[in-house]
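S.K.:
In our numbering, the protein residues as written are 733 to 986.
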């Protein structure tokens, strides 16, 4: 790589880290840049996943205020996502790549739709509660566990768009501010990436030079993304997630 390519890769890591912790679509940033630099797709995908683990760690650190008092829920979300990602990784080894690839854009678009209409769905669900019941949903439930596990399997298999899907699942299942939802989403994606990293180290082609360059940028980007995600107005945050998710889906089709 030329010196310019190395600088571009570091900046790609920075941008991907910011996207990871803020709106959850790092695949929009770093992966296309690696391909443009001539990195083979499989190597780019695996190296990108490994390099974004530091972004998840610093992103979680940036969201520490939102996670205070919610450690049991955070641990449950992270644990379920990580364990389910193992199943996704096994599917990656067993199934032809085109089986699931066909469904990926549609799954992401469906998640975008859920994010967009979540306020209406949540209001409808609240209206269906027994009269006088104002208990907020702030803990793990069977439906949240199922949704988290499904996103974890997806994350272990493909990964791109997992953050958008987790936002949809968490927003529908919990009565919590979007900043807290984003913090939990960051942990779920981090868990999937850690599992994928362990597997990729043994079975996937990795370019450790690329990993180091991306990671150096993603460490800073992950923390900055958490600060941005905390301050974004709810309507803007939701709109960015939907736009970014649609862009990812279109990117797959192209």
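The C-beta atom is built at its ideal place from N, Cα and C for all residues, glycine as well.
Between the C-alpha atoms of residue 948 and residue 842, what's the straight-line distance to the nearest angstrom?
M.R.: In the chain shown, residue 948 corresponds to position 216, counting from 1. In the chain shown, residue 842 corresponds to position 110, counting from 1. Rounded to the nearest angstrom, the two C-alpha atoms are 33 Å apart.
S.K.: Tell me the residue span of the alpha helix (DSSP H) that contains residue 773.
M.R.: Along the chain shown, one-based indexing puts residue 773 at 41. It spans 773–783 - the alpha helix (DSSP H) in which residue 773 sits, taken as one unbroken run.
S.K.: Could you check how far apart the C-beta atoms of residue 945 and residue 741 are, in whole angstroms? I think they sit under 8 Å.
M.R.: Counted from its first residue, the chain shown places residue 945 at position 213. Counted from its first residue, the chain shown places residue 741 at position 9. Right, their Cβ atoms sit about 4 Å apart.
S.K.: Is DSSP giving residue 871 helix, strand or coil here?
M.R.: Walking along the chain shown from the start, residue 871 turns up at place 139. In this structure, residue 871 counts as coil in the three-state DSSP scheme.
S.K.: Between residue 765 and residue 744, how many whole angstroms is the CB-CB distance? I'm expecting something under 8 Å.
M.R.: Counting from 1 along the chain shown, the entry for residue 765 is found at position 33. Counting from 1 along the chain shown, the entry for residue 744 is found at position 12. 4 Å between Cβ atoms; contact.
S.K.: According to DSSP, is residue 800 helix, strand or coil?
M.R.: Taking the first residue of the chain shown as 1, we reach residue 800 at position 68. Residue 800 falls in the coil class under three-state DSSP.
S.K.: By the 10 Å Cβ neighbour count, where 16 or more other Cβ atoms means buried, how is residue 772 classified, buried or exposed?
M.R.: On the chain shown, residue 772 is found 40 positions in, with the first residue counted as 1. The residue in question, residue 772, is exposed, as its Cβ has fewer than 16 Cβ neighbours within 10 Å.
S.K.: Quick one: what's got a C-beta closer than 6 Å to residue 923's C-beta in the same chain, skipping five residues either side?
M.R.: By 1-based counting over the chain shown, the position of residue 923 is 191. The answer, listed in chain order, is 810, 813 and 814.
S.K.: Spell out a yes or no on whether the segment 893–910 and the segment 930–940 are touching, meaning 3 or more CB-CB pairs, one atom from each, closer than 8 Å.
M.R.: Result no; under three Cβ-Cβ pairs closer than 8 Å.
S.K.: Taking Cβ positions, are residue 893 and residue 749 nearer each other than 7 Å?
M.R.: Residue numbering aside, residue 893 sits at position 161 when the chain shown is read from its first letter. Residue numbering aside, residue 749 sits at position 17 when the chain shown is read from its first letter. In this structure, residue 749 does not lie closer than 7 Å to residue 893 by Cβ.
S.K.: Distance, Cα to Cα, residue 973 vs residue 958?
M.R.: Along the chain shown, read from residue 1 onward, the residue named residue 973 stands at position 241. Along the chain shown, read from residue 1 onward, the residue named residue 958 stands at position 226. Residue 973 and residue 958: Cα-Cα distance of roughly 14 Å.
S.K.: Mind checking whether residue 927 and residue 757 have CB atoms under 7 Å apart?
M.R.: As a first step, residue 927 is located in the chain shown; it is residue number 195 there, counting from the start. As a first step, residue 757 is located in the chain shown; it is residue number 25 there, counting from the start. Against a cut-off of 7 Å, the Cβ pair of residue 757 and residue 927 comes out as no contact.
S.K.: My assumption, with CB atoms under 8 Å, is that residue 992 sits in contact with residue 761. Please give the rounded CB distance.
M.R.: Since the first and last residues shown for the chain are 733 and 986, residue 992 lies out of range.
S.K.: I think residue 869 touches residue 895, with their Cβ atoms under 8 Å apart; what is that distance to the nearest whole Å?
M.R.: Within the chain shown, numbered from 1, the residue matching residue 869 stands at position 137. Within the chain shown, numbered from 1, the residue matching residue 895 stands at position 163. With a Cβ gap of about 21 Å, residue 869 and residue 895 do not count as contacting.
S.K.: Return the first residue and the last residue of the alpha helix (DSSP H) that residue 767 is part of.
M.R.: Walking along the chain shown from the start, residue 767 turns up at place 35. First-last of the alpha helix (DSSP H) with residue 767: 762–768.
S.K.: Can you list, in chain order, the residues of its chain whose CB lies under 7 Å from that of residue 776, leaving out five sequence neighbours each side?
M.R.: Walking along the chain shown from the start, residue 776 turns up at place 44. Closer than 7 Å at Cβ, skipping near neighbours: 763, 766 and 767.
S.K.: Taking the alpha-carbon positions, what's the residue 801 to residue 871 distance?
M.R.: For the purposes of this step, residue 801 is taken as residue 69 along the chain shown, with counting starting at 1. For the purposes of this step, residue 871 is taken as residue 139 along the chain shown, with counting starting at 1. Roughly 11 Å between the two C-alpha positions.
S.K.: Taking the beta carbon of residue 792 as the centre, do at least 16 other beta carbons fall within 10 Å, making it buried, or is it exposed?
M.R.: As a first step, residue 792 must be located in the chain shown, where it is residue number 60. Answer is buried; the Cβ neighbour count reaches 16.
S.K.: How big is the Cα-Cα spacing for residue 808 and residue 877?
M.R.: Here the question's residue 808 lines up with position 76 in the chain shown. Here the question's residue 877 lines up with position 145 in the chain shown. Answer to the nearest angstrom: the Cα atoms are 8 Å apart.
S.K.: Closest to residue 940 by C-alpha separation, out of 753, 781, 735 and 751, would be which residue?
M.R.: Counting from one through the chain shown, the residue named residue 940 turns up at place 208. For the residues 753, 781, 735 and 751, the minimum Cα distance to residue 940 belongs to 781.
S.K.: What number of angstroms, rounded off, separates the C-alpha of residue 747 from the C-alpha of residue 950?
M.R.: What you label residue 747 is simply residue 15 of the chain shown in a count that begins at 1. What you label residue 950 is simply residue 218 of the chain shown in a count that begins at 1. When rounded, the distance between both Cα atoms is 7 Å.
S.K.: Between which residues of its own chain and residue 825 is the CB-CB distance below 8 Å, once the five residues before and five after are set aside?
M.R.: On the chain shown, position 93 is the one that residue 825 refers to. Contacts found: 935.
S.K.: Residue 757 by DSSP, collapsed to three states: which one?
M.R.: As a working mapping, residue 757 is identified with position 25 in the chain shown. If DSSP states are grouped into helix, strand and coil, residue 757 belongs with coil.
S.K.: Mind checking residue 790: buried by the 16 CB within 10 Å criterion, or exposed?
M.R.: In the chain shown, counting from the first residue as 1, residue 790 sits at position 58. Residue 790 should be labelled buried.
S.K.: Give me, in chain order, the residues of the same chain whose beta-carbon lies closer than 6 Å to that of residue 737; leave out the 5 immediate sequence neighbours on both sides.
M.R.: Indexing the chain shown from 1 puts residue 737 at position 5. Same-chain partners within the cutoff: 769.
S.K.: Pull up the distance between the alpha-carbon of residue 885 and that of residue 960, whole angstroms please.
M.R.: Locating residue 885 in the chain shown gives position 153, where the first residue counts as 1. Locating residue 960 in the chain shown gives position 228, where the first residue counts as 1. Approximately 28 Å, taken between the alpha carbons.
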